[in-house]
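For reference, the structure is listed below as structure tokens.
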Amino acid sequence: MARIFCVANQKGGVGKTTTCVNLAAALHQCGQRTLLVDLDPQGNATMGSGVDKRSLEQSVYHLLVGLTGLAEARVTSPTGGYDVLPANRDLAGAEVELVSLENRENRLREALQQFDADYDFVLIDCPPSLSMLTLNGLCAAHGVIIPMQCEYYALEGLSDLVNTIKKVHANLNRDLKIIGLLRVMFDPRVTLQQQVSAQLEGHFGDKVFSAIVPRNVRLAEAPSHGMPGVVFDKAAKGAQAYMAFAGEMIERAKAF
Ligand code: ADP
Ligand code: MG
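Residue numbers (full-length UniProt numbering): 1 to 256.
See the structure below:
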């Protein structure tokens, strides 16, 4: 059975895509059959996986509006080895088109259902909003992974996301739970970051992953080479943190 995880945070630039791409590649390296679903019209997860978003014949957009299926739209990341359901600008139009479609928030869930046996992990990279696209991600998932920076406003933004997850759990997807908070772009030299990190642990206990992803320039450089950081520079601190995170995810997924 595939365990499906949504990587969500309505803020942009908090490390969702970096987390998805590196976790997918790290899981693949650990022998897990993995699919990465790019649900962001920016297509950053697609490009960061070494797939050219400008030359897609079919994408997650076509899948959501019912023009294609997963078997036709998925491609294999040439650099990461995992499968990708890619996205590009076309997806921006899906938001409007979905409104008039039946069962609009469950389109992704239904499309993934028939491929349950193909994967151990499915990771969904959400756009920076609580939109119909994110809703499709949350309805398809068993759990949510929330990457966050340990800064002053981080907790404030978190309550909106937690409320949305609670509403989706109550009304649309009883399977959904928060798997954990992942501290990313962490700089231990900054006292405030240490304080917020300790606050998170106090507040959320074992919902906070033990792995901490440091601020690491090699992770930021990797996408321009169309490569996950864990492939681009295995020895870098950021890559090692994502490998440790993958190990933790494999452990937590066993509890499902
Ligand atoms: P999101 O998907 O939430 O918008 P991204 O994953 O695209 O966020 O990250 C935003 C920017 O920060 C990108 O330029 C990315 O390369 C960079 N970045 C992400 N994680 C790290 C990290 N741990 N260290 C350094 N740069 C990072
Ligand atoms: Mg992103």
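All C-beta atoms, glycine included, are put in the ideal place defined by N, C-alpha and C.
Quiz prompt | Residue closest to G13, alpha-carbon to alpha-carbon, out of A211, G202, M185 and A241 | solution = As a position in the sequence shown, residue 13 is number 13, starting the count at 1. Minimum Cα distance to G13 is reached at M185.
Quiz item: Using a threshold of 6 Å, is the CB atom of K16 nearer than that to any non-hydrogen atom of the ligand MG?
Solution: Here residue 16 refers to the residue found at position 16 when the sequence shown is read from its first residue. Yes; taking the cut-off as 6 Å, the Cβ of K16 has a heavy atom of the ligand MG nearer than that.
Quiz item: Quick one: is the Cβ of L108 within less than 6 Å of any heavy atom of the ligand ADP?
Solution: Within the sequence shown, residue 108 is the residue found at index 108, counting from 1. It does not: the Cβ of L108 is nowhere closer than 6 Å to a heavy atom of the ligand ADP.
Self-check item: Three-state secondary structure assigned by DSSP to T68
Solution: Locating residue 68 in the sequence shown gives position 68, counting from the first residue. Looking at T68 - three-state DSSP - the assignment turns out to be coil, as it is neither helix nor strand.
Practice problem: Compare the beta carbon distance of N9 and I124 with 7 Å and say whether it is the shorter of the two. | Solution: Here residue 9 corresponds to residue number 9 of the sequence shown, with the count starting at 1. Here residue 124 corresponds to residue number 124 of the sequence shown, with the count starting at 1. It is not a contact, given that the beta carbons lie outside the stated cut-off.
Self-check item: Close beta carbons around H225, own chain, < 7 Å, minus the five adjacent residues each side
Solution: Mapped onto the sequence shown, residue 225 falls at position 225. Cβ neighbours of H225 beyond the five flanking positions: F232.
Self-check item: Opposing strand residues paired with T76 [DSSP bridges]
Solution: Taking the sequence shown and counting its residues from 1, the one referred to as residue 76 is at position 76. In DSSP, T76 forms a bridge with D83.
Exercise. Please find out if some non-hydrogen atom of the ligand MG comes closer than 6 Å to the beta-carbon of L118.
Key: Position 118 of the sequence shown, counted from the first residue, corresponds to residue 118. It should be noted that the sequence gives Asp, not Leu, for residue 118. The answer is no for D118.
Practice problem: Report yes if the CB atom of G238 is closer than 7 Å to the CB atom of R252, and no otherwise. | Solution: Taking the first residue of the sequence shown as 1, we reach residue 238 at position 238. Taking the first residue of the sequence shown as 1, we reach residue 252 at position 252. Contact flag unset, no.
Quiz prompt | When H203, E102, I212 and V122 are compared against L182, the one with the closest alpha-carbon | solution = Sequence index remark: in the sequence shown, residue 182 carries index 182 (1-based). Of H203, E102, I212 and V122, the residue nearest in Cα terms is I212.
Quiz item: For T76, which of V37, V190 and N171 has the nearest alpha-carbon?
Solution: As a position in the sequence shown, residue 76 is number 76, starting the count at 1. Nearest of V37, V190 and N171 to T76, Cα basis: V37.
Practice problem: Please determine, among Q193, M243 and A87, the residue with the shortest C-alpha to C-alpha distance to Y153. | Solution: Here residue 153 refers to the residue found at position 153 when the sequence shown is read from its first residue. Closest option to Y153, Cα to Cα, is Q193.
Quiz item: Is the region 41-57 close to the region 158-168, with three or more CB pairs under 8 Å?
Solution: no
Quiz item: Going by Cα to Cα distance, which pick from D90, L98 and C139 is closest to A110?
Solution: Locating residue 110 in the sequence shown gives position 110, counting from the first residue. For the sequence presented, residue 110 should be read as Glu rather than Ala. Measuring from the Cα of E110, the nearest candidate turns out to be C139.
Quiz item: CB of N136 to nearest heavy atom of the ligand MG: below 6 Å?
Solution: If you number the sequence shown from 1, residue 136 lands on position 136. Because no heavy atom of the ligand MG lies under 6 Å away, the Cβ of N136 does not count as near it: no.
Practice problem: Mind checking who D52 pairs with in its DSSP beta bridge? | Solution: In the sequence shown, the residue the question calls residue 52 occupies position 52. BP columns for D52 are empty, so no partner.
Exercise. Using only the heavy atoms of the ligand MG, determine whether one of them is closer than 6 Å to the beta carbon of N88.
Key: If you number the sequence shown from 1, residue 88 lands on position 88. Result no, Cβ not under 6 Å from the ligand MG.
Quiz item: With DSSP run on the structure shown, which of helix, strand or coil describes A8?
Solution: The residue given as residue 8 occupies position 8 in the sequence shown. DSSP places A8 in coil when its eight states are reduced to three.
Quiz item: So, helix, strand or coil for M148, using DSSP?
Solution: Taking the first residue of the sequence shown as position 1, residue 148 is located at position 148. In the structure shown, M148 sits in a strand (DSSP, three-state: E or B).
Exercise. With a threshold of 6 Å, establish whether the CB of R189 neighbours any heavy atom of the ligand ADP.
Key: By one-based count along the sequence shown, residue 189 stands at place 189. Checking every heavy atom of the ligand ADP against the Cβ of R189, none is found closer than 6 Å.
Practice problem: Please find out if some non-hydrogen atom of the ligand ADP comes closer than 6 Å to the beta-carbon of G48. | Solution: Within the sequence shown, the letter at position 48 stands for residue 48. Because no heavy atom of the ligand ADP lies under 6 Å away, the Cβ of G48 does not count as near it: no.
Quiz item: From A222 to G229, what does the alpha carbon distance come to, in whole angstroms?
Solution: Counting from 1 along the sequence shown, the entry for residue 222 is found at position 222. Counting from 1 along the sequence shown, the entry for residue 229 is found at position 229. Rounded to the nearest angstrom, the two C-alpha atoms are 5 Å apart.
Quiz item: How is the alpha helix (DSSP H) around L112 delimited, first residue to last?
Solution: Start at 1 with the first residue of the sequence shown, and residue 112 comes out as number 112. Element bounds for L112: R107 to Q113.
Quiz item: How long is the line joining the alpha carbons of S59 and H169, rounded to whole angstroms?
Solution: Looking up residue 59 in the sequence shown gives position 59. Looking up residue 169 in the sequence shown gives position 169. The straight-line gap from Cα to Cα measures roughly 28 Å.
Quiz prompt | Contacts around N216, its chain only, beta-carbon distance under 7 Å, and the 5 residues preceding and following it disregarded | solution = Sequence index remark: in the sequence shown, residue 216 carries index 216 (1-based). Cβ within range, chain order: A236, K237 and G238.
Practice problem: Determine the DSSP secondary structure at D38, reduced to helix, strand or coil. | Solution: Counting from one through the sequence shown, the residue named residue 38 turns up at place 38. Three-state DSSP puts D38 in a strand.
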